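In what follows, a structure is listed as structure tokens, so that the remarks can point back to it.
4 protein chains.
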Amino acid sequence: MSRELIIEEMKERVFQANLELPRLGLVKLTWGNVSEINRELGVIVIKPSGVSYDAMKVSQMVVTDLEGNLLEKKSLKPSSDLATHVVLYREFTDVQAVVHTHSTNAVMWAQAGYDLKAYGTTHADTFYGSVPCTRTLTKEEVLDNYEENTGKVIVETFNERNIKPLEIPGVLVSGHGPFTWGNTPSKAVENSLILDEVCLMAKETEKINQRVVDIPKFLLDKHYLRKHGKSAYYGQ
Amino acid sequence: MSRELIIEEMKERVFQANLELPRLGLVKLTWGNVSEINRELGVIVIKPSGVSYDAMKVSQMVVTDLEGNLLEKKSLKPSSDLATHVVLYREFTDVQAVVHTHSTNAVMWAQAGYDLKAYGTTHADTFYGSVPCTRTLTKEEVLDNYEENTGKVIVETFNERNIKPLEIPGVLVSGHGPFTWGNTPSKAVENSLILDEVCLMAKETEKINQRVVDIPKFLLDKHYLRKHGKSAYYGQ
Amino acid sequence: MSRELIIEEMKERVFQANLELPRLGLVKLTWGNVSEINRELGVIVIKPSGVSYDAMKVSQMVVTDLEGNLLEKKSLKPSSDLATHVVLYREFTDVQAVVHTHSTNAVMWAQAGYDLKAYGTTHADTFYGSVPCTRTLTKEEVLDNYEENTGKVIVETFNERNIKPLEIPGVLVSGHGPFTWGNTPSKAVENSLILDEVCLMAKETEKINQRVVDIPKFLLDKHYLRKHGKSAYYGQ
Amino acid sequence: MSRELIIEEMKERVFQANLELPRLGLVKLTWGNVSEINRELGVIVIKPSGVSYDAMKVSQMVVTDLEGNLLEKKSLKPSSDLATHVVLYREFTDVQAVVHTHSTNAVMWAQAGYDLKAYGTTHADTFYGSVPCTRTLTKEEVLDNYEENTGKVIVETFNERNIKPLEIPGVLVSGHGPFTWGNTPSKAVENSLILDEVCLMAKETEKINQRVVDIPKFLLDKHYLRKHGKSAYYGQ
């Protein structure tokens, strides 16, 4: 397939995945963005900045190189969070798509500044352990290259805790909100949906039972591994 | 009616009941399944595993015998929770249909690990007492035959407490979520809807009044028995 | 207008008001009923019992006399809550329509067993003071003539507190749910909507500020009286 | 453009912005109003009082002078909150449109009587610091010229705290609800949507983490200033 055609198909997928965000109730106004990478081609496709979902066209998707430099004439400006996506793609080499939202329940947890613990099998089916909440960025990290440093603090969090990005395909950035990722834009969006739902469930679980603890490791393993990896037996 | 026709009609009912789950907001993605049994025919019909509700066809409903063995060539794989359904049908002999969901409010209670008490008449109209929460499965029960053991722990819970399955047509599996049942797939789905709503009501009732207690037995009796049994006078 | 025509129009209004309940999210399944009275004609029109809103027809509305005796041949059975409506009409002589629902937020308060205090002007625009929660019915009141006694305990509550029914057009029945009323079926439904919304607001207000108190009497007066009575100046 | 034509366009914008309120879930029944001012023309256009959104027509929008006196024959009565809008336009001279709602989450905060703190970047993207809650009005302020005094207590709050109205384009009136504003009716409505969403997020954040504090000033600055002012780089 030609480079042009591959990029056209990336634009279409990124466009559709962006539209899915308000449809799923994960994004109000313009508060979200989806991107996809093709490392062989050296190309990232991402939503333009601040364009309303109603008016957005597939042709407006922004094409950049792997450092986030614009590749097309007459391009719109990319999402202001592009630099975060670039860092995630550089460091998380098995991630092909990234989503950022301000979905209500995930933002609540991010604002609370706590990790999201695995209180049940709904969580374990997708996230193989707690979804981490990053530390707060320092003043220096915010003043210069804020969006890049947001990516770096996510990577730092995953490295320090020795988490594989595809085993826990999402993060809560403290005081800000969620990022999720996956093999495809639609899978990364699905992970945003699940993260938001699991945040809601965990929040209310803690209110019903203030002493609730994580499910046991063997139950976490069972549910995660029946859906992922070699021994998976869920689905067709 | 011929065996083939009966099975066709079971497939149609199971298909429609499965579609009802996302319509009622009880299921996101593929997180639910409905089955129906015909004991005379020795047949269970259940949703295929991991098939999206949008793409699902009536012909894809999976037909098994009463032990869960596939009965049709070219069959899709059945829901991974089939073994739980099989145990429930074997032990709860007056149950004709089973539903499993990850509906938001019922999962919260299941994750909290508490029985759902009868705080009002909305509960009493359908559930004749607390909806029990099972104990957590042991490591051994999770490692081998997890889905079958999920069924067994539900049955154990009902036996220990001496509950008749049709008098409390639902359960919370600790750390996991709800199962409900009924005489028909549509009745079992209705019970899932009611269980989720009653979980929501109970959760918030406890927040408004932290010392709330169950309604008195005579009010529970009144509401349950005006809708069920010989002296029922609700409906046409 | 002929007696027949007046009753036809009552049926149409009661039918439309019943349909409005699920549309407004106040009723799931068959959990609600609306009635209207015409005292000159000696007629009450009410929803039939347990008929689904999808299948319900205007011709199925049930016509009774002021004691709740059926007046039409081939009538369906009336709502099982008819006896409650009958008592309210007998004792609250300026009420023309009654609504009962199990709307989520009002049920939470009724289950909690607390009066709904006036924490803001949204409440004061419709309810001229706390919406009372009844006492729990005694065993005797539940065993015999339960629905009639539900009406009586509502009336007892309003009499003891010296509340005029049209000034606080709703009540929470302890452990059960809300009844509301008004001059017309559509106004009574509107009051159900407002009661549910105000229950939601009050519940969350108490969580944000656990020491919140009622708004001052002068603000309650201002908002209630700018919408009701001789000095009202809201609306056209 | 002729005076007539300018007013026609104002009516159309005000009408559309009013319709947007129930569409966005910010208004039930008739509980909201939007207005726009043209200071050169000496004209305010506002929603009529108590007219249902379903029946409302663009021609029914009410035109007044800058003191709120009706300018058109056969005019409907203006929103009862007009006097509040008039004060806000007089004192907040860079505001072109005002919105009042009883949106659920903002009312909860207003009833709680607390300022809405900036717990995250979703807040900081629109509100440059805490959204203030006014003091409660005195008895005298409520008895005479209540709506005008509502405007005055908003202005007092902003003056005392030295807040620029366009930097924090909204307020919570204690025991009542939110007002927001902006350069255009649609922007003012957008600010109502954001205020309600941020109220929801903050409320739940406080429940997850009872010791949560405001985000640091440098993060507030970063997010607010990347969307507003000379150094903004968000959007096209």
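Protein chains in written order, with UniProt numbering: chain A, 1 to 236; chain B, 1 to 236; chain C, 1 to 236; chain D, 1 to 236.
Each residue gets a CB set at the ideal place from its N, CA and C atoms; glycine is no exception.
As the structure is a computational prediction, the values presented were derived from the model and not from experiment.
Nearest Cα to D/ARG39 within the set D/LYS73, D/LYS117 and D/TYR89: D/TYR89. Within chain C, the C-beta atoms nearer than 7 Å to that of B/ILE215 come from GLY175, in chain order. Closer than 8 Å at the C-beta level to chain C, one finds these residues of the stretch 133-156 of chain D: THR136, LEU137, LYS139, VAL142, LEU143 and TYR146.
For the stretch 48-76 of chain C, the set of residues with a beta-carbon nearer than 8 Å to any beta-carbon of chain B comprises PRO48, SER49, GLY50, VAL51 and LEU76, in chain order. A/ALA112 sits in a helix when the DSSP states are folded into three classes. The beta carbon of B/PRO48 lies closer than 6 Å to those of GLN60, VAL62 and LEU76 in the same chain, with the five residues before and after it left out. Distances from the CA of B/LEU116 to each of B/GLU156, B/LEU41 and B/VAL173 were compared; the closest alpha carbon is that of B/VAL173.
Measuring C-alpha to C-alpha distances from B/ASP214 to each of C/GLU206, C/GLU20, C/GLY113 and C/GLU4 identifies C/GLY113 as the nearest. Nearest to C/VAL86 by alpha-carbon distance, out of C/LEU200, C/LEU225, C/ARG211 and C/ILE154, is C/ILE154. Judged by pairs of C-beta atoms under 8 Å, the stretch 162-179 of chain A touches the stretch 102-110 of chain A, as three or more such pairs exist.
B/GLU20 and C/MET108 have their C-alpha atoms spaced approximately 26 Å apart. By the C-beta criterion, the stretch 208-223 of chain A is judged not to be in contact with the stretch 29-38 of chain A, since fewer than 3 inter-stretch pairs fall below 8 Å.
Cβ neighbours of A/PRO169 within its own chain (closer than 6 Å, five residues either side excluded): THR180, TRP181, GLY182 and ASN191. The beta carbon of A/SER231 is closer than 8 Å to those of LEU225 in its chain, skipping five residues each way along the sequence.
C/GLY177: member of the beta strand (DSSP E) spanning 177-182, first to last residue. Just so you know, the alpha carbons of D/LEU82 and D/LEU71 end up roughly 14 Å apart. Residues of the stretch 83-114 of chain B with a C-beta atom less than 7 Å from some C-beta of chain A are HIS102, THR104, VAL107, MET108, TRP109, ALA110, GLN111, ALA112, GLY113 and TYR114, listed in chain order. When secondary structure is reduced to three states using DSSP, D/SER35 falls in the strand class. Membership of B/GLY170 in the beta strand (DSSP E) is indicated by the continuous run 170-173.
DSSP assignment within the stretch 128-166 of chain B yields the following whole alpha helix (DSSP H) runs of 4 residues or more, N-terminal first: 139-143 and 146-160.
Sixteen is the threshold: when 16 or more other Cβ atoms of the shown chains lie within 10 Å of the Cβ of C/TYR146, as they do, the residue is buried. Residues of chain B whose Cβ lies closer than 7 Å to the Cβ of C/LYS117 do not exist; the shortest such Cβ separation is about 11 Å. For a Cβ distance threshold of 7 Å, nothing in chain B lies close to A/PHE127: the least Cβ distance comes to about 14 Å. At a C-beta separation below 8 Å, A/LEU24 has no neighbours in chain D, since its nearest C-beta there lies roughly 16 Å away. Around the C-beta of C/TYR119, 16 or more other C-beta atoms lie within 10 Å, and the residue is accordingly described as buried. Put simply, the backbone Cα of C/GLY25 is about 23 Å away from that of D/MET56. For A/LEU29, the nearest beta carbon of chain D is closer than 8 Å to its own beta carbon. Of the candidates A/GLU4, A/GLY32 and A/SER79, A/GLU4 places its Cα closest to the Cα of A/VAL43.
Between C/LYS139 and the set B/ILE46, B/LEU220, B/GLN236 and B/LYS139, the nearest pair of CA atoms involves B/LEU220.
Taking a 10 Å sphere around the C-beta of B/GLN111, we find 16 or more other C-beta atoms and assign the residue as buried. Taking 8 Å as the cut-off, the beta carbon of D/TYR234 is found closer than this to the beta carbon of A/GLY50. Beta-bridge analysis with DSSP links A/PRO48 to A/PRO78. With respect to the 8 Å criterion, B/LYS187 and B/ALA97 are classified as neighbours on the basis of their beta carbons. For B/THR64, the uninterrupted beta strand (DSSP E) segment begins and ends at 62-64.
As a beta-bridge residue in DSSP terms, B/ALA97 pairs with B/GLU36 and B/GLY182.
For B/VAL212, the nearest CB of chain C lies under 8 Å from its own CB, placing it at the interface with that chain.
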